[in-house]
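Per my numbering, the sequence shown starts with residue 16, numbered consecutively. Note that CB positions come from ideal geometry on N, CA and C, so glycine has one too.
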Amino acid sequence: MSASYNSKLPTHLDWVRFLVGDTDVSQAQVEDEEIRAVLADYGIQYDEDTTGGTWVRYLAAADILQALISRWLAASGGISEKWVSKLRIRYGALESSAENALQGRVDWLRLEGARRRTPKPHVFEIL
């Protein structure tokens, strides 16, 4: 498993690792090759490629974090639910607040990527 990280954030790969929070490469959760594969889906073919703008980093980070959440849930047996009348009890490896926080981060990364990808509207004034 190869994992690298440069805190100066010169590449999309470093940015994705930073945005996901997987910066301790001695205990990396994601391999560089996995990040590169996700970046390739967005048209980034190599680490030094800085095309595509900053939106690529955010959408790739959202994809990676979503995959990590799924991996963690699968490894722990997931979250189970029990219903008693109108009462719902959820239990499992990830507490619902932690799961909600992680899912909120994924949602924010996707929104930020979309915001950065969409060009800002121009305002024209007719004189």
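*Considering only the beta carbon of each residue, do I79 and I59 sit closer than 8 angstroms?*
no
*Secondary structure at V138, three-state DSSP: helix, strand or coil?*
coil
_Helix, strand or coil at L144 [DSSP, three-state]_ = Outside the shown range of the chain, which is 16 to 142, sits residue 144, and nothing can be said about it.
_With a threshold of 7 angstroms on Cβ separation, who are the neighbours of Y20 within its own chain once the five nearest residues in sequence on each side are excluded?_
D29, R32, T38, V40
*Endpoints, the alpha helix (DSSP H) within which A52 is located*: 47-56
*Using 10 angstroms around the beta-carbon of V99, count the other beta-carbons present and answer buried if the total reaches 16, otherwise exposed.*
exposed
_Within 8 angstroms, strictly: CB atoms of E46 and A18_ = yes
_With distance defined between alpha-carbon atoms, name the residue in A75, E114, V121, V35 nearest to L88._
E114
*From A82 to L126, what does the alpha carbon distance come to, in whole angstroms?*
17 angstroms
*Which value, in whole angstroms, describes the spacing of the CA atoms of T69 and Q44?*
23 angstroms
*Hey, would you say L74 sits closer than 8 angstroms to Y57, going by beta carbons?*
yes
*Determine, using beta carbons only, whether R72 and L34 come nearer to each other than 8 angstroms.*
A contact, by the Cβ cut-off of 8 angstroms.
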